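Letter by letter, the sequence shown follows residues 1335 to 1473 in our numbering. Notes for the one structure printed next.
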Amino acid sequence: MATGRFGSPANRGTSEEELADPMSRLILHVHASSNNTILSLTDALGKVLINASGGTVGFRKAQRAGFEAAYQATAWIASKVKERGIPVRKVEIRLKGFGAGREASFKAVNSVTNWPVCRIIDNTPIPFNGCRPKKARRL
């Protein structure tokens, strides 16, 4: 296995078996913002296989951020996987953000598909202090 800087594995969380066959584990990336939900299905190495969002399944403006848009986008990805004949052995779900699509996509994977979910990871960026807030508004 290749090592990165400082002796750590270059492909974190990727076993040698998955490096030999990247399709053995698929990763569903869910970016749930307050305005939209963007879904990407990738192989174990991060190569994007299918993309979908609230806008690509036909929702416009504020509707893209809703529960239903994320649910239908996940169902659309599942139909594309079936259509293209991609073998699904294990699925890892990586969630990012606090939007409504976060829970919707997980529920869609459980109800629409029969994919075995091996891992659920939360990649939401949380600031450790971060930027200085705006000054308090005094009335």
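For each residue, glycine too, the CB sits at the ideal point set by N, CA and C. Since the structure is predicted, the reported quantities are computational estimates derived from the model, not experimental observations.
### Query
Once you ignore the five residues that flank W1449 on each side, which residues in its own chain have a CB closer than 7 Å to its CB?
Counting from 1 along the sequence shown, the entry for residue 1449 is found at position 115. Same-chain partners within the cutoff: V1422, V1425, V1443.
### Task
Report the partner residues of A1366 according to the DSSP bridge assignment.
Counted from its first residue, the sequence shown places residue 1366 at position 32. According to DSSP, which records beta bridges pairwise, A1366 is partnered with T1371.
### Query
Which residue spans inside the segment 1418-1446 form an unbroken alpha helix (DSSP H) run of at least 4?
1435-1446
### Task
Please work out which residues of its chain come closer than 6 Å, Cβ to Cβ, to T1447, disregarding the five sequence neighbours upstream and downstream, and give them in chain order.
For the purposes of this step, residue 1447 is identified with residue 113 of the sequence shown, where counting begins at 1. Closer than 6 Å at Cβ, skipping near neighbours: A1412.
### Task
Give the straight-line distance between the Cα atoms of A1396 and A1354, rounded to the nearest whole angstrom.
Start at 1 with the first residue of the sequence shown, and residue 1396 comes out as number 62. Start at 1 with the first residue of the sequence shown, and residue 1354 comes out as number 20. Each residue's alpha carbon lies about 43 Å from the other.
#### Entry: Nearest neighbour of E1417, chosen from T1390, L1383, K1430 [CA to CA]
On the sequence shown, residue 1417 is found 83 positions in, with the first residue counted as 1. Of the candidates T1390, L1383, K1430, the one whose C-alpha sits nearest the C-alpha of E1417 is L1383.
### Message
Suppose contacts are defined by Cβ-Cβ distances below 7 Å. Is R1428 in contact with N1385 by that definition?
### Response
Here the question's residue 1428 lines up with position 94 in the sequence shown. Here the question's residue 1385 lines up with position 51 in the sequence shown. In this structure, N1385 does not lie closer than 7 Å to R1428 by Cβ.
### Message
For a quick check, are the C-beta atoms of G1435 and A1366 less than 7 Å apart?
### Response
Mapped onto the sequence shown, residue 1435 falls at position 101. Mapped onto the sequence shown, residue 1366 falls at position 32. By the CB criterion at 7 Å, G1435 and A1366 fall inside the cutoff.
### Message
Assuming L1383 is part of the beta strand (DSSP E), what are its boundary residues?
### Response
One-based indexing of the sequence shown puts residue 1383 at position 49. Residues 1382-1387.
### Counted within 10 angstroms of its Cβ, other Cβ atoms place I1372 as buried (16 or more) or exposed
One-based indexing of the sequence shown puts residue 1372 at position 38. Around the beta carbon of I1372, 16 or more other beta carbons sit within 10 angstroms, so the residue counts as buried.
### Message
Tell me the DSSP secondary structure of L1353 in three-state form.
### Response
In the sequence shown, residue 1353 corresponds to position 19, counting from 1. It is helical.
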